[in-house]
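Here's the structure we're looking at; comments come further down.
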Amino acid sequence: MANRFKCATLGSACLGLSMTLVTPSVSALTDIIDIPARDTELAPESLLNDVTRTGDRIVAVGERGHIIYSDNDGESWTQAEVPVSVTLTALDFGTESHGWAVGHSGVLLHSSDAGENWTLQFDGLQAAALTIETKKAQIAEMEDVIEQAPEDQKDDLEWALDDLVFALENAEADMEVGPVNPLLDVWFENNQHGFAVGAYGMILRTQDGGESWQDWSPYIDNAQNFHYNGIDQVAGGALVLVGEAGQIHVSVDNGDTWEKRESPYPGSLFGVTGTGNVNEILAFGLRGTTIFSSDLGRSWTIVPNEGNTTLNNALVTEDGRITLVGNGGAVLMSANGGQSFRAYFRSDRGSVMGAVPLSDTNLLLVGEDGVKFTDSRGKNLK
Amino acid sequence: MSDPMHDRGEHYLTTPKAEPFLERLLFNNRALILLGFLVLTLFLGYNAAKIQPDASFERMIPLEHPYIVNMLDHRDDLENLGNFVRIAVAVEDGDIFDPEYMETLKQITDEMFYLNGVDRSGLKSLWTSNVRWVEVTEQGFQGGTVIPDNYDGSRESLEKLRQNVLRSNEVGRLVSDNFQSTVVYAPLYEKNPETGEALDYAEFSRQLEEKIRDKYEGQNPEISIHIVGFAKKVGDLIEGIGSIAWFAGITILLTTLLLFWYSRCIAGTLVPVFTSIIAVFWQLGALKLLGYGLDPYSVLVPFLVFAIGISHGVQIVNAMAVESAKGFDAVTSARLAFRALYIPGMLALISDAMGFLTLVFIEIDVIRDLAVAAGLGVAFVIVTNLVLHVLIMSYIGISKGGVRHVQNHGEKQDRKWRIMSYFSHPGVAPISLLIAVIGLGLGMYYKQDLKVGDLDQGAPELRADSRYNKDNAFIINNYSTSADVLVVMVKTPEEQCTQYNVLRAMDSLQWELQNTPGVQGSVSLADVSKLVTKALNEGNWKWFEISRNQTIINASIRDAPSGLINTSCDLTPVLVFLEDHKAETLQTVIERTEAFAQANSNEEHTFLLAAGNAGIEAATNEVISGAKDIMLLLVYSVVSLLCFLTFRSLRAVACIVIPLGLTSILCEAIMAMSGIGIKVATLPVIALGVGIGVDYGIYIYSKLEHFLLEGKTLQEAYYETLRSTGKAVIFTGVTLGLGVVTWIFSPIKFQADMGFLLFFMFLWNMVGAIWLLPALARFLLRPDKMLAKARAASKS
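Those sequence lines, one after another, are chains A and B.
If you read the first sequence in our numbering, its first letter stands for residue -13, the second for the next number, and so on.
If you read the second sequence in our numbering, its first letter stands for residue 828, the second for the next number, and so on.
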């Protein structure tokens, strides 16, 4: 217990200590978390994991700390100043100028100039320290609960305690290795409030524009620490979080509390989106699985589709059409609010990780081979 | 040679003591000496017949260069990395999803399986069970062989095959981007693991032609077969050496005809050809006794030896014919010819040999071998063509026809010589010099573009339009692959080659290089780890990163290709694929890599350069460009020194050496203009060109001096020089040129380059001696002073 307080109050000193313990005494290379992304012409052709629009600007993130932006619908790209070289996995803008990007080593990057310059707000070591802190608090709390609980409930509670101890041990082991776990998605409501979610049940929340982050995992029922893969807000204001093992969590109070939904699917869900209609949710994942709910996830229907490759991301355009993109060049399109999809597979079969609309019905896709310009079905233009 | 009896022994050309002694020694024991030659020829000829082609490619690389030292140190760990053949089986129309095509592909795969030398476990084609498609499911992975289990050639099973190919990730690797060809990939054993026998590249390559290409192209006219790989290239090279025999035949025939046209005397034709061939036998026999074989470079030396032999023989024949025309009998003519020629002949040959021997300083074995072979050959020519030739001719003599030819022809030619003697005229000489200076300027200008290394696409040893390079181009155009690979070796403590920091450092080097112009891509364990980590995370690209968790790294590289990890896990390579192997490309990439290696090597990982064909070539380029200037300096120093020792005059040295320098510079300009780089094959050409080119100057100058010392004016002396030796010199240039010009048709590119350049140098050096030497003499020589000096010397 004493330990816990030391670390809670002397967070950074504690981190420094554990780092010096694990780093071998050789002149190792600078950690990639401390190396700014290299300015390279190859960025638009390399792996890009997510893309979004903010105002008239398109911003995309990808491997090696690449963040690129374009003010002319992708005709030319500028590489942003990014202080890390880790693979980035997702980004979201809370306002036109305030955006956050997340990635491996638990990095959380912030830009206040619409994506031109980025600063590191938080990293995996801090996340691990935070996890250790909350797990210890949860354990203490659980121990108290067990003490006062009636005899017949104690067994179940002991199991729950074991899960917590196990999670704490994992977090401590991770801490020794370094910032191991990636963040996989991010959502921001405005320039103050947002969530970042990732591997092994990591979920972080800020309410002060990223100045400070809280470990929100205690408020979500995910005892086995399955990955969280996607988070989004649907029409009507509810937040939906999906992940490994078919997890679906819904919050109707702007993220304060979360309710776990019964899932129609045991495999991984990689993303979630609204359809434009109030309380409607479309989630998607492994092997092209697509599920639809019109009642905030209380009941689900499985949407039949012709593709069977993993789906990674969704795009809902103003005209109400929904496009899902995925591995093997999958581009699925629905003109009926997600009731059914037509599948198209790009000729290069390259995985698609994200899409933004261009003029007319054309799309800009990003994925394993960088940026592609396509028609609405994902077929290359020109 | 107005009257040979009046030659007085006042001069080095007729040193009174040595000459009669040597001459007497030889001519008084003619039979005995000839018998000795016979015995020696039988002995060396017997050995020559046993000489073997030796295409040891280790001899072609600079073994002392640190890159090569590193490469050879880790050879066992890298062994199987580059040694494979790829056989692309292409359809002309339609695509590969065709029952007949698949049947042929199956037969080829089976045939390769049983081919001696193939590592069967690594054999890959659409028909092998190690080529699979994989899909992530809720339960984990699902997959199968790309060939459907119950494949029967029906439409359905072909459609299934198409789907499997698409999800197999083999498009661009095993299947071409346009689906019109697929590859059978066969890794090879350097040494057969059962018998321990080394792979016979020539035999293997022959079998590929016979059992794969000829057989299946014949059987199924719809398909074409393209084969690439180190073993195939070496096989084609060895086959190429064979065609040298034809060139030898053609060269001998052409030379003989030319010689007869020149001398009009059968003995004067056949004897020099005969003695030159004997010199070749001696040279080959001696090489065999010294433990050498014939590699694609030294196989050219016999041509040189033969040509040099002929060119000196012709001087003898010419001198004898001139003496005979004056009425001397065979023996006396032979004696007089010997007396007049043995000093300049020996001097010329010694400077040839010395020129060749300067090549010994280049740290590439094949060039050293060339130096030794050529040096030996020339040494033998001294004996065969200055001694044996003269002795045989002293029995046979020049035929009447030959003598008459000299008499008639000589008179007819005089007008021509008279015109050419104007090269030394005070009015013409400045113009000649001006032209030479302009030529020099142009040469200097164009030679700025001279590059080091090989400049063409594909296998540089073979011609751009060779079968191998066409196959190579086919594969490069249809598959995501490059033929130019630089391998950086990453050395770690034992069992540490998969540590996070090592993978991270390799990844960092790769990204540095991928951002370097000329680099197409790269592969290392870091890529394998990232890809498999992604696959293990349900194929989600967001996980495409090197994990910091060592357990995950270990899981991710468990099935990494064996070439990427050695058995003790202390060496792992980074393979860098380059756009080409041009010297600048290599240099930029090497510089960046060196800088990175310097900055990032530590106890955990040391970056070592370099293996792969590009690494070898970079090392070779470095050695070559470092050696070029030293070699030129040496060869010119040696040649100048020899000339000075003989003629005791710096002015003489200038007259002889300046035309050579002009030729060297023009040669480099021509190389730059025709896209021939300085490389293992062409560097020796410059030394050979200078070494042999000096002969002309020596023959011309010694005669010129001789006549000047008789008190003649420069132009008159030059006229006499041309009359007596001009024809022989021109003939020599042409013979030497003919000796090498046939190489231009060699299937081996570097032999063709050598042939072309030597042809130019031999001819142009001759022009330089005939045209520029007298012009320089007009400005540099002081006949009156020379005369005074010689008189003073003879008096004392």
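Glycine residues also receive a C-beta, built at the ideal position from the N, C-alpha and C atoms.
Item	Value
Inside the segment 1385 to 1437 of chain B only - beta strand (DSSP E) runs reaching at least 3 residues	1398 to 1405
Chain E residues whose Cβ lies nearer than 9 Å to that of Leu993 of chain B	The structure shown has no chain E; the protein chains it does contain are A and B.
Segment limits, alpha helix (DSSP H) that includes Met188 of chain A	Here Met188 of chain A belongs to no alpha helix (DSSP H), and DSSP marks it neither H nor E.
The segment 1079 to 1091 of chain B contacting the segment 1519 to 1535 of chain B, beta-carbon criterion three pairs below 8 Å	no
Outcome for Gly229 of chain A when other beta-carbon atoms lying within 10 angstroms are tallied against a minimum of 16	buried
Delimiting residues of the alpha helix (DSSP H) encompassing Arg857 of chain B	Arg857 to Ala876
Cβ neighbour criterion (16 or more within 10 Å) applied to Met939 of chain B	buried
Sufficient close CB pairs (3 or more, under 8 Å) joining the segment 37 to 48 of chain A to the segment 93 to 102 of chain A	yes
Cβ neighbours of Gly283 of chain A in the same chain (closer than 6 Å, five flanking residues each side left out)	Ile234, Val236, Arg247 and Ile267
Meets three-Cβ-pair contact criterion under 8 Å: the segment 1377 to 1397 of chain B and the segment 1346 to 1363 of chain B	yes
One or two residues paired with Asn1299 of chain B in a DSSP bridge	Asn1299 of chain B is not bridged to any residue.
Contacts around Ala1200 of chain B, its chain only, beta-carbon distance under 8 Å, and the 5 residues preceding and following it disregarded	Gln1110, Leu1114, Tyr1119, Ser1125 and Val1128
Interface partners of Arg1331 of chain B on chain A, CB under 8 Å	Leu15 and Ile18
Uninterrupted alpha helix (DSSP H) stretches inside the segment 975 to 1060 of chain B (no shorter than 4 residues)	982 to 994, 1028 to 1034 and 1042 to 1046
Whether Ile1209 of chain B touches Gly1172 of chain B by CB criterion (9 Å)	yes
Distance between Gly1202 of chain B and Gly1140 of chain B (C-alpha atoms, nearest Å)	18 Å
Cβ shell of Lys1612 of chain B (< 8 Å), same chain only, five flanking positions each side left out	none
Minimum C-alpha distance to Thr1083 of chain B - residue among B:Ile1068, B:Phe1101, B:Gly1069 and B:Ile1071	B:Phe1101
is_contact[Val357 of chain A, chain B] using C-beta, thresh 9 Å	no
DSSP state of Thr1473 of chain B mapped onto helix, strand, coil	helix
Where Leu95 of chain A falls: helix, strand or coil (DSSP)	strand
Backbone secondary structure at Glu370 of chain A - three-state DSSP	For chain A, the structure presents residues -13 to 368; residue 370 of chain A sits outside this window and is missing.
Beta-carbon proximity check, Glu1030 of chain B vs Asn910 of chain B, cutoff 9 Å	no
C-beta contact flag for Gly1516 of chain B and Cys1482 of chain B at 9 Å	no
Interface residues of chain A facing Lys1576 of chain B [CB-CB closer than 8 Å]	Chain A residues near Lys1576 of chain B: none, gap ~34 Å exceeds 8 Å.
One or two residues paired with Met1316 of chain B in a DSSP bridge	B:Pro1400 and B:Leu1435
Nearest residue (CA-CA) to Asp109 of chain A, options A:Ala182, A:Gly60 and A:Thr120	A:Ala182
Given 8 Å, three or more beta-carbon pairs between the segment 1394 to 1412 of chain B and the segment 862 to 870 of chain B	no
9 Å Cβ cutoff met for Thr296 of chain A and Gly260 of chain A	no
DSSP state of Arg851 of chain B mapped onto helix, strand, coil	helix
Exposed unless 16 or more other CB atoms sit within 10 angstroms - verdict on Ala1620 of chain B	exposed
Chain-ordered chain A contacts of Trp1570 of chain B [CB-CB under 8 Å]	Near Trp1570 of chain B there are no residues of chain A at all, since even the closest Cβ is about 45 Å away, more than 8 Å.
Residue-level contact to chain B via CB, Val37 of chain A, 9 Å cutoff	no
Range covered by the beta strand (DSSP E) that runs through Asp78 of chain A	Leu74 to Phe79
Thr1473 of chain B beta carbon less than 9 Å from that of Leu1174 of chain B	yes
Pro1344 of chain B classed as buried or exposed, judged by whether at least 16 other C-beta atoms fall within 10 angstroms	exposed
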